[in-house]
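Peer 1:
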Amino acid sequence: MSMNFAVIGGDLRIIKLAKMLAEEGNAVYTYGLEKAEELKTTKNIIFCEKLNRAIEDTEVVIGPIPFSSNGEDINSPFSENTISIRELMYSINAKILIAGSITPEIYDLANDEYIEIIDIMKREELAVLNTISTAEGAIEIAISNTNKIIHGSQVLILGFGRIGKVLARKMAGLSAKITCAARKDEDLAWIKAYGHKATNINTLGSNLSQYDIIINTVPHLILTPERLQYVNQECLLIDLASNPGGIDKKTVKERELKLVWALALPGKVAPVTTAEFIKDTIHNILKEVYKK
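Take the sequence shown: its letter number 54 is residue 61 in our numbering, and every next letter is one higher.
#1: Who are the Cβ neighbours of K23 in its own chain at under 6 Å, not counting the five residues just before and after it?
#2: Say whether the region 259 to 269 touches the region 24 to 44, bearing in mind that this needs 3 or more beta-carbon pairs closer than 8 Å, one atom from each stretch.
#3: Apply the 10 Å Cβ neighbour rule to P73 and answer buried if 16 or more other Cβ atoms are within range, or exposed otherwise.
#4: Quick check on the burial criterion: 16 or more other C-beta atoms within 10 angstroms. Buried or exposed for G70?
#5: Tell me the residue span of the alpha helix (DSSP H) that contains A205.
#6: What distance in whole Å lies between the Cβ atoms of P84 and D18, which are believed to be in contact at a cut-off of 8 Å?
#7: Do E94 and L58 have their C-beta atoms within less than 8 Å of each other?
#8: With DSSP collapsed to three states, give me the class of N154.
#9: Could you check where the beta strand (DSSP E) with Y114 kicks off and where it finishes?
#10: With 16 as the cutoff for other CB atoms within 10 Å, does N82 come out buried or exposed?
#11: Among the residues of its own chain, which have a CB less than 7 Å from the CB of Y114, if the five just before and after it don't count?
#12: How about A183 and H203: do their beta carbons lie closer than 8 Å?
#13: Please go through the same chain and pick out, in chain order, the residues whose beta-carbon is closer than 7 Å to the beta-carbon of R190, but skip the five residues on each side of it.
#14: Confirm, please, whether the CB-CB distance from I198 to C187 is below 8 Å.
#15: I'd like to know whether the C-beta atoms of G253 and L165 end up nearer to each other than 8 Å.
#16: Could you give the first and the last residue of the continuous alpha helix (DSSP H) run that contains V35?
#17: How is D80 classed by DSSP in three states: helix, strand or coil?
#18: Look at the Cβ atom of L181, then the Cβ atom of I222, and state whether they are nearer than 8 Å.
#19: Using the three-state DSSP reduction, which class does N59 fall into: helix, strand or coil?
#20: Taking just the CA atoms, how far does I105 sit from P232?
#21: Measure the CB-CB distance between K102 and V67 and report whether it falls below 8 Å.
#22: Excluding the 5 residues preceding and the 5 following K155 in the sequence, name in chain order all residues of the same chain whose CB lies nearer than 8 Å to its CB.
#23: If we ignore side chains and look at the alpha-carbon of each, how far apart do M178 and I146 end up?
#24: May I have the straight-line CA-CA distance separating L215 from I185, to the nearest angstrom?
#25: Could you tell me how far apart the beta carbons of N11 and T65 are, in whole angstroms, since I believe they sit closer than 8 Å?
#26: Just verifying my parser: in three-state terms, what is the DSSP assignment at L230?
#27: When the Cα of A271 is compared with those of M128, V238 and L195, which residue comes out closest?
#28: For the alpha helix (DSSP H) holding F284, just list the boundary residues, first then last.
#29: Look up V162 in the DSSP assignment and give the residues it is bridged to.
#30: With a threshold of 16 other CB atoms inside 10 Å of the CB of P251, please say whether the residue is buried or exposed.
#31: In this structure, how does DSSP classify L247 when only helix, strand and coil are distinguished?
Here it is as structure tokens:
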């Protein structure tokens, strides 16, 4: 069954998503994507000059991932226009908004306009699937920024959550020597069960000097100034955690260590695949909402 979607703003992932939804036979009304050239030849894509026009005949509004960077305007890198969050919320009124990384303040605005907001980044199925792109992106960074092959390299992965598990397995597949660091006893046990070396995050110190690559997946400070003094000068640091990250950037700069802070990798390394993951998740959401 076809639907009418509004796609407002967003990056390359959202452009690919709009195209996929249109190719499924849905009518896709867009605003804030006028610089997306590939959509201009796609059947069922309707470019709208006004925000209200893009939304008025639709049941579901799809916004950017992340929704906003400044708390005032939505992310719209493929538009010449600035789209304020307040204007969008006022225009949606009593519809469903699906977007990513929604702040509490935006939920408050949505309540005033009777909007049902669904933060797609909180969906477990999308989080799990995105770990694949994140892990592959981290490996690409490691290969591009070291002068050694991955085979035989000593790699430390900080954290053993979704990303840590997938990344460790893929790096091990390249014959890297993997050590994973965690705090909980059960995580340390699982690390060993997966066949990796385990170390407790709380004991990190002089043992950091042995690693060629250290990849952080933990969203709070792990590699403090005290710990970074032990990191080998030739070691590549990769931080996959969102702001402020898990590696002290000031100390990295002072010591002239090599750091790549890799944010939002799924959208950068695999926008088409990520868009497919998002589309499938949206279909799951709509089945739950409409009980279809």
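For glycine and all other residues, C-beta sits at the position ideal for the given N, C-alpha and C.
Peer 2: In brief:
#1: Here residue 23 refers to the residue found at position 16 of the sequence shown. The residues are P278, V279 and A282.
#2: no
#3: What you label residue 73 is simply residue 66 of the sequence shown in a count that begins at 1. With 16 or more Cβ atoms within 10 Å of its Cβ, P73 is classed as buried.
#4: Translated into the one-based positions of the sequence shown, residue 70 becomes position 63. Burial call: buried.
#5: Within the sequence shown, numbered from 1, the residue matching residue 205 stands at position 198. Where A205 is concerned, there is no enclosing alpha helix (DSSP H), although the beta strand (DSSP E) it sits in stretches over K204 to N207.
#6: If you number the sequence shown from 1, residue 18 lands on position 11. If you number the sequence shown from 1, residue 84 lands on position 77. The Cβ separation is near 6 Å, so the contact holds.
#7: As a working note, residue 94 is residue 87 in the sequence shown. As a working note, residue 58 is residue 51 in the sequence shown. The answer is yes: Cβ separation under 8 Å.
#8: Against the sequence shown, residue 154 aligns to sequence position 147. Here N154 sits in coil by DSSP.
#9: Taking the first residue of the sequence shown as 1, we reach residue 114 at position 107. It is not in any beta strand (DSSP E) - Y114 instead sits in the alpha helix (DSSP H) that spans P111 to D119.
#10: On the sequence shown, residue 82 is found 75 positions in, with the first residue counted as 1. By the neighbour-count rule (16 or more Cβ atoms within 10 Å), N82 is buried.
#11: In the sequence shown, residue 114 corresponds to position 107, counting from 1. I124, listed in sequence order.
#12: Translated into positions along the sequence shown, residue 183 becomes position 176. Translated into positions along the sequence shown, residue 203 becomes position 196. No, they are not a contact pair.
#13: Stepping through the sequence shown from its first residue, residue 190 is reached at position 183. Take R190, set aside five residues on each side of it, and the residues of its chain with a beta-carbon closer than 7 Å to its own are N207, I208 and N209, in chain order.
#14: Residue 187 sits at position 180 when you count from the first residue of the sequence shown. Residue 198 sits at position 191 when you count from the first residue of the sequence shown. The answer is yes: Cβ separation under 8 Å.
#15: In the sequence shown, counting from the first residue as 1, residue 253 sits at position 246. In the sequence shown, counting from the first residue as 1, residue 165 sits at position 158. Yes, they are a contact pair.
#16: Here residue 35 refers to the residue found at position 28 of the sequence shown. Here V35 belongs to no alpha helix (DSSP H); instead the beta strand (DSSP E) covers A34 to Y38.
#17: As a position in the sequence shown, residue 80 is number 73, starting the count at 1. For D80, the secondary structure class from DSSP, reduced to helix, strand or coil, is strand.
#18: As a first step, residue 181 must be located in the sequence shown, where it is residue number 174. As a first step, residue 222 must be located in the sequence shown, where it is residue number 215. No.
#19: As a working note, residue 59 is residue 52 in the sequence shown. Three-state result, N59: helix.
#20: Taking the sequence shown and counting its residues from 1, the one referred to as residue 232 is at position 225. Taking the sequence shown and counting its residues from 1, the one referred to as residue 105 is at position 98. Taking the straight line joining both Cα atoms gives about 40 Å.
#21: On the sequence shown, position 95 is the one that residue 102 refers to. On the sequence shown, position 60 is the one that residue 67 refers to. Yes; because the gap between Cβ atoms is below 8 Å, this pair is in contact.
#22: Here residue 155 refers to the residue found at position 148 of the sequence shown. Here the set comprises D219.
#23: Residue 178 sits at position 171 when you count from the first residue of the sequence shown. Residue 146 sits at position 139 when you count from the first residue of the sequence shown. In a straight line, the C-alpha of M178 is about 7 Å away from that of I146.
#24: As a working mapping, residue 215 is identified with position 208 in the sequence shown. As a working mapping, residue 185 is identified with position 178 in the sequence shown. Roughly 13 Å separates the two Cα atoms.
#25: Position 4 of the sequence shown, counting from 1, holds the residue named residue 11. Position 58 of the sequence shown, counting from 1, holds the residue named residue 65. 4 Å between Cβ atoms; contact.
#26: Translated into positions along the sequence shown, residue 230 becomes position 223. Strand, per DSSP.
#27: The residue you call residue 271 lines up with position 264 of the sequence shown. Checked all of M128, V238 and L195; the closest Cα to A271 is M128.
#28: As a working note, residue 284 is residue 277 in the sequence shown. Note, F284: alpha helix (DSSP H), P278 to Y297.
#29: For the purposes of this step, residue 162 is taken as residue 155 along the sequence shown, with counting starting at 1. Answer is I185 and I220, bridged to V162.
#30: Residue numbering aside, residue 251 sits at position 244 when the sequence shown is read from its first letter. Label assigned to P251: exposed.
#31: Here residue 247 refers to the residue found at position 240 when the sequence shown is read from its first residue. The answer is coil: DSSP assigns L247 none of H, G, I, E or B.
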